[in-house]
Amino acid sequence: MASEKLFGLHATALQLRSQRMMLLASNIANAATPNYKARDLDFSKALDLAQQGGSAADAMQGAIAYRVPVQSSLDGNTVEMATEQTAFAENALAYRSSLAFLSGRVNTLTRAIKGE
0 MASEKLFGLH
10 ATALQLRSQR
20 MMLLASNIAN
30 AATPNYKARD
40 LDFSKALDLA
50 QQGGSAADAM
60 QGAIAYRVPV
70 QSSLDGNTVE
80 MATEQTAFAE
90 NALAYRSSLA
100 FLSGRVNTLT
110 RAIKGE
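Here you go:
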């Protein structure tokens with residue numbers, strides 16, 4: 000794809016990180032829902048699947064798994080807030096890093112087109 004040549008893996012990584020952020024936010028939002036099973040995206044696996052020619056959406060579906068809780072809950076909910084919040088913060092930082100790289104790349108391309 001043309002975007003892969005221009006932006007490398009960061010475009011795909013940004014899509015995957017965005018989807019992971021939605022999964023983690025859903026886990027946090029359902030922390031008090033009985034029998035809710037927390038899910039997470041194995042980012043490395045999803046990125047590998049995307050590199051093998053799959054779309055980001057297909058790669059994401061192949062890399063989603065249920066989280067195994069450290070301590071089980073009486074109501075069957077597997078969300079552990081400390082784990083979810085840590086994963087969310089880590090993912091947000093990686094998302095911002097990919098976004099900063101892409102922004103720099105777009106600025107470089109814009110300057111090159113303008114002849115600066």
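The sequence shown lines up with residues 0 to 115 when you count with numbering that gives the first Met the number 0. Glycine residues also receive a C-beta, built at the ideal position from the N, C-alpha and C atoms.
Starting from residue i and walking both ways along the beta strand (DSSP E), at which residues does that stretch end?
| i | result |
| --- | --- |
| Arg65 | As written in the sequence, residue 65 is Tyr, which differs from the Arg given in the question. Ile63 to Tyr65 is the span of the beta strand (DSSP E), which, as asked, contains Tyr65. |
If I follow the unbroken alpha helix (DSSP H) through residue i, where does it start and stop?
| i | result |
| --- | --- |
| Asp47 | Phe42 to Gln50 |
| Ser17 | Leu8 to Ala28 |
| Tyr94 | Met80 to Lys113 |
What does the Cβ neighbour count give for residue i, buried or exposed, with the cut at 16 atoms within 10 Å?
| i | result |
| --- | --- |
| Ala12 | buried |
| Asn76 | buried |
| Ser97 | buried |
Is the separation between the beta-carbon of residue i and that of residue j shorter than 7 Å?
| i | j | result |
| --- | --- | --- |
| Arg66 | Asp39 | yes |
| Gly61 | Leu46 | no |
| Gln18 | Met59 | yes |
| Ala37 | Val69 | no |
| Asn26 | Glu89 | no |
| Phe87 | Leu23 | yes |
| His9 | Leu101 | yes |
Excluding the 5 residues preceding and the 5 following residue i in the sequence, name in chain order all residues of the same chain whose CB lies nearer than 6 Å to its CB.
| i | result |
| --- | --- |
| Ile63 | Arg38 and Leu40 |
Can you name, in chain order, every residue of its own chain whose Cβ lies under 8 Å from the Cβ of residue i, other than the five neighbours on each side?
| i | result |
| --- | --- |
| Asn34 | Asp74, Gly75 and Asn76 |
| Ala30 | Asn76, Val78, Met80 and Glu83 |
Excluding the 5 residues flanking residue i on each side, which residues of the same chain have their C-beta closer than 7 Å to its C-beta?
| i | result |
| --- | --- |
| Gln14 | Ala55 |
Taking only beta-carbon atoms, is residue i less than 7 Å away from chain B?
| i | result |
| --- | --- |
| Ala56 | The structure shown has no chain B; it contains just one protein chain. |
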